[in-house]
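Undergrad:
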Amino acid sequence: MVNDLLLRAARGEPVERLPVWIMRQAGRYLPEYHKLRAESTFFQMCQCPETASELTMQPVDRFAGLLDAAIIFSDILVIPQALGMHVEMLEGKGPHFPTPLNTPDDLKTLQKNPNISSILGYVMDAISLARTRLENRVPLLGFSGAPWTLMAYMIEGGGSKSFAKAKTWLFRYQEASHELLKLLTKTISVYLVEQVKAGAQMLQIFDSWAGELSPRDFFEFAYPYLVEICNTVKKSLRECRIEPVPMIVYAKGAWYALDKLCDSGYDVVGLDWLQDPAEAVRIRGNRRVTFQGNLDPSILYGSHETIEQRVKEMIEAFGKKDYIINLGHGITPAVKVEDVRFFLEQCHKYGRN
Ligand SMILES: Cc1c2[nH]c(c1CCC(=O)O)Cc1[nH]c(c(CCC(=O)O)c1C)Cc1[nH]c(c(CCC(=O)O)c1C)Cc1[nH]c(c(C)c1CCC(=O)O)C2
1 MVNDLLLRAA RGEPVERLPV WIMRQAGRYL PEYHKLRAES TFFQMCQCPE
51 TASELTMQPV DRFAGLLDAA IIFSDILVIP QALGMHVEML EGKGPHFPTP
101 LNTPDDLKTL QKNPNISSIL GYVMDAISLA RTRLENRVPL LGFSGAPWTL
151 MAYMIEGGGS KSFAKAKTWL FRYQEASHEL LKLLTKTISV YLVEQVKAGA
201 QMLQIFDSWA GELSPRDFFE FAYPYLVEIC NTVKKSLREC RIEPVPMIVY
251 AKGAWYALDK LCDSGYDVVG LDWLQDPAEA VRIRGNRRVT FQGNLDPSIL
301 YGSHETIEQR VKEMIEAFGK KDYIINLGHG ITPAVKVEDV RFFLEQCHKY
351 GRN
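Numbering-wise (the UniProt record's numbering), the sequence shown opens with residue 1 and increments by one.
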């Protein structure tokens, strides 16, 4: 591995410079993304290993020497698809499920034992192809959505403001909710193990809607499943005589759970920008956990002076060890490519040890 800063930081080893990557680094802020996107639908791009691996490479090539990780181009919604649901990506509207789960009776329509390595074989092929293209320049991340976030999409049928339908399940159909969360947990665990077998060197789990839950409900409907996924994936890999890869948990909005997330078994806890870095470091104490994050993605709309100042402050607060620089959520389509480059340069300037 030419540049293994990410893997070393995730394991708590010393680094000569803090690693940096960006959530959603392959995407609509890149003109080269739009070029490929014009030729196919979003999910066609995900399903074509050639295209998905090319999209994975786009930010790594453009910001060569500045980005310390690649993340496989895909989407969290391939899991509902593997369970038999239809999902499309609507222009300017985001994900859409024409027939979302309505009542517990609809659980019958889901595939209970999907053959993940075959149904999502295109993701594993994209991972293997991306590893070949990367030539060990930087590590490749695999990922999955978390059970609660995927459950919310499957019931809401897309994005939501109030999560009224998904919450109706949580508070009216507890048993069915746990049944669905268990099915998702099992499926996601298999999926992540397959990604590692295909070549993923680190894994991130996105619980993007964690912050919609109260602390009480996060600890009933989200946290136990996140822990189970981490344990199951590491155990399954050991049983296959594969060294477990570092795992990142990113539970957006679950600031109240930081203390517990530090005990969840994940090597890295991803933070959004609602967390104060110094306070997060205090809560972690001397536990062996690496933090990742957490610049407000909108800072990239700011002046270079502001970007530089905020990067400097953030690094000072997190410290030069046990830390991976990232944004607090995915980069937005309106950000200018040259401002991303400036951000990455500042991370290099202030992240040196
Ligand atoms: C919630 C979620 C989704 N997908 C994902 C999440 C979790 C991360 C987060 O919280 O942001 C994860 C994701 N989606 C995508 C990646 C690719 C890898 C990367 O570069 O990070 C990753 C890691 C590509 C994508 N996923 C999507 C795009 C844009 C698709 C297009 O070109 O139309 C890309 C590049 C589409 C997508 N996919 C999803 C949404 C809500 C949308 C629409 C976004 C919008 O319209 O603003 C579901």
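Don't be surprised by glycine CBs; every beta carbon is placed ideally from N, CA and C.
Remember, predicted model here, so these are calculated numbers, not experimental data.
Tell me the DSSP secondary structure of P147 in three-state form.
TA: What you label residue 147 is simply residue 147 of the sequence shown in a count that begins at 1. The answer is helix: DSSP assigns P147 an H, G or I state.
Undergrad: Are the beta-carbon atoms belonging to P277 and F343 less than 8 Å from one another?
TA: Residue mapping note: residue 277 aligns to position 277 of the sequence shown, counting from 1. Residue mapping note: residue 343 aligns to position 343 of the sequence shown, counting from 1. No; because the gap between Cβ atoms is not below 8 Å, this pair is not in contact.
Undergrad: Determine, using beta-carbon pairs with one atom in the stretch 164 to 176 and one in the stretch 222 to 237, whether at least three such pairs fall under 8 Å.
TA: No contact exists between the stretch 164 to 176 and the stretch 222 to 237.
Undergrad: Assuming M45 is part of the alpha helix (DSSP H), what are its boundary residues?
TA: In the sequence shown, the residue the question calls residue 45 occupies position 45. Element bounds for M45: F42 to Q47.
Undergrad: If you pair each beta-carbon of the stretch 239 to 249 with each one of the stretch 258 to 268, do three or more pairs fall below 8 Å?
TA: Enough Cβ pairs lie closer than 8 Å, so yes.
Undergrad: For P297, which of helix, strand or coil comes out of DSSP?
TA: In the sequence shown, residue 297 corresponds to position 297, counting from 1. Reduced to three states, the DSSP call for P297 is helix.
Undergrad: I need the straight-line Cα distance from residue 354 to R37, nearest angstrom please.
TA: Any question about residue 354 goes unanswered here, given that the chain covers just 1 to 353.
Undergrad: If you pair each beta-carbon of the stretch 114 to 130 with each one of the stretch 41 to 60, do three or more pairs fall below 8 Å?
TA: Judged by Cβ distances under 8 Å, the stretch 114 to 130 makes contact with the stretch 41 to 60, as three or more pairs qualify.
Undergrad: How many whole angstroms separate the CB atoms of L110 and L83, which I take to be in contact at a CB cut-off of 8 Å?
TA: The residue labelled residue 110 in the question sits at position 110 within the sequence shown. The residue labelled residue 83 in the question sits at position 83 within the sequence shown. Contact holds; Cβ gap of about 5 Å.
Undergrad: For E54, does the three-state DSSP call read helix, strand or coil?
TA: Within the sequence shown, residue 54 is the residue found at index 54, counting from 1. It is helical.
Undergrad: Looking at the structure shown, is R17 part of a helix, part of a strand, or coil, going by DSSP?
TA: Position 17 of the sequence shown, counted from the start, is the residue given in the question as residue 17. Strand, per DSSP.
Undergrad: So V245 packs on V269, CB below 8 Å; how close in whole Å?
TA: Residue numbering aside, residue 245 sits at position 245 when the sequence shown is read from its first letter. Residue numbering aside, residue 269 sits at position 269 when the sequence shown is read from its first letter. Not a contact, Cβ separation roughly 16 Å.
Undergrad: Beta-carbon within less than 6 Å of T149's beta-carbon, same chain only, minus the 5 sequence neighbours each way: which residues are those?
TA: Residue mapping note: residue 149 aligns to position 149 of the sequence shown, counting from 1. Answer for T149: D207, S208 and W209, listed in chain order.
Undergrad: Opposite residue 358 in the DSSP bridges: which residues?
TA: Lying before the first or after the last residue shown, residue 358 is absent from the chain, which here runs from 1 to 353.
Undergrad: Taking the alpha helix (DSSP H) that G121 belongs to, which residues open and close that run?
TA: Here residue 121 refers to the residue found at position 121 of the sequence shown. G121 -> alpha helix (DSSP H) spans G121 to L134.
Undergrad: Let me know the alpha helix (DSSP H) ranges lying completely inside the stretch 133 to 204, each 4 residues or longer, listed in chain order.
TA: DSSP runs (the alpha helix (DSSP H)) wholly in the stretch 133 to 204: 147 to 156, 164 to 172 and 174 to 198.
Undergrad: Taking three-plus beta-carbon pairs below 8 Å as touching, is the stretch 56 to 74 in contact with the stretch 135 to 142?
TA: Because the criterion of three Cβ pairs below 8 Å is met, the stretch 56 to 74 and the stretch 135 to 142 touch.
Undergrad: How many angstroms separate the CA atom of V340 from the CA atom of D106?
TA: The residue you call residue 340 lines up with position 340 of the sequence shown. The residue you call residue 106 lines up with position 106 of the sequence shown. Roughly 44 Å separates the two Cα atoms.
Undergrad: For the 8 Å Cβ check, are there 3 or more pairs between the stretch 3 to 15 and the stretch 302 to 313?
TA: Taking 8 Å as the limit for Cβ pairs, the verdict is that the stretch 302 to 313 does not touch the stretch 3 to 15.
Undergrad: Using 8 Å as the threshold, is the C-beta distance between I331 and M23 below it?
TA: Here residue 331 corresponds to residue number 331 of the sequence shown, with the count starting at 1. Here residue 23 corresponds to residue number 23 of the sequence shown, with the count starting at 1. Going by C-beta atoms, I331 is nearer than 8 Å to M23.
Undergrad: What does DSSP give as the partner residue(s) for A251 in the beta ladder?
TA: Here residue 251 corresponds to residue number 251 of the sequence shown, with the count starting at 1. Paired residues: D207.
Undergrad: In the structure shown, what three-state DSSP assignment does M23 receive?
TA: Walking along the sequence shown from the start, residue 23 turns up at place 23. Residue state, collapsed to three classes: coil.
Undergrad: Any idea if F171 is buried or exposed, counting beta-carbon neighbours within 10 angstroms, 16 or more meaning buried?
TA: Here residue 171 corresponds to residue number 171 of the sequence shown, with the count starting at 1. Label assigned to F171: exposed.
Undergrad: From G302 to A254, what does the alpha carbon distance come to, in whole angstroms?
TA: Reading the sequence shown from its first residue, position 302 is the one you call residue 302. Reading the sequence shown from its first residue, position 254 is the one you call residue 254. Roughly 26 Å separates the two Cα atoms.
Undergrad: Just checking my contact of I324 with Q292 at CB under 8 Å: how many whole Å lie between their CB atoms?
TA: Your numbering for residue 324 matches position 324 in the sequence shown. Your numbering for residue 292 matches position 292 in the sequence shown. Yes, I324 and Q292 are in contact; Cβ-Cβ is about 4 Å, under 8 Å.
Undergrad: Quick one: what's got a C-beta closer than 6 Å to E50's C-beta in the same chain, skipping five residues either side?
TA: In the sequence shown, residue 50 corresponds to position 50, counting from 1. So no residue of the chain qualifies.
Undergrad: Leaving out the 5 sequence neighbours to the left and right, which residues in its chain are closer than 6 Å to V60 when beta-carbon positions are compared?
TA: In the sequence shown, the residue the question calls residue 60 occupies position 60. Cβ within range, chain order: L67 and A70.
Undergrad: Can you grab the Cα-Cα spacing for the pair residue 372 / L300, in whole Å?
TA: In the structure displayed, the chain extends from 1 to 353; residue 372 sits before or after that span and is not available.
Undergrad: Does DSSP put M85 in a helix, a strand or coil?
TA: As a position in the sequence shown, residue 85 is number 85, starting the count at 1. M85 falls in the coil class under three-state DSSP.
Undergrad: Could you tell me which of G121, Q47 and G159 sits nearest to P100, measuring between CA atoms?
TA: Reading the sequence shown from its first residue, position 100 is the one you call residue 100. P100 has its Cα closest to that of G159, out of G121, Q47 and G159.
Undergrad: List the whole-angstrom C-beta distance separating K167 from Y223, where the pair is believed to meet the contact cut-off of C-beta under 8 Å.
TA: As a working note, residue 167 is residue 167 in the sequence shown. As a working note, residue 223 is residue 223 in the sequence shown. Going by Cβ atoms, the distance from K167 to Y223 rounds to 17 Å, so no, they are not a contact pair.
Undergrad: Could you name the residues of the same chain whose beta carbon sits closer than 7 Å to that of D272, not counting the 5 residues immediately before and after it, in chain order?
TA: Translated into positions along the sequence shown, residue 272 becomes position 272. Correct list, in chain order: K252, G253, G293, N294, G328 and H329.
Undergrad: State yes or no: is the C-beta of Q25 nearer than 7 Å to some heavy atom of ligand 1?
TA: Locating residue 25 in the sequence shown gives position 25, counting from the first residue. Checking the Cβ of Q25 against ligand 1 gives yes.
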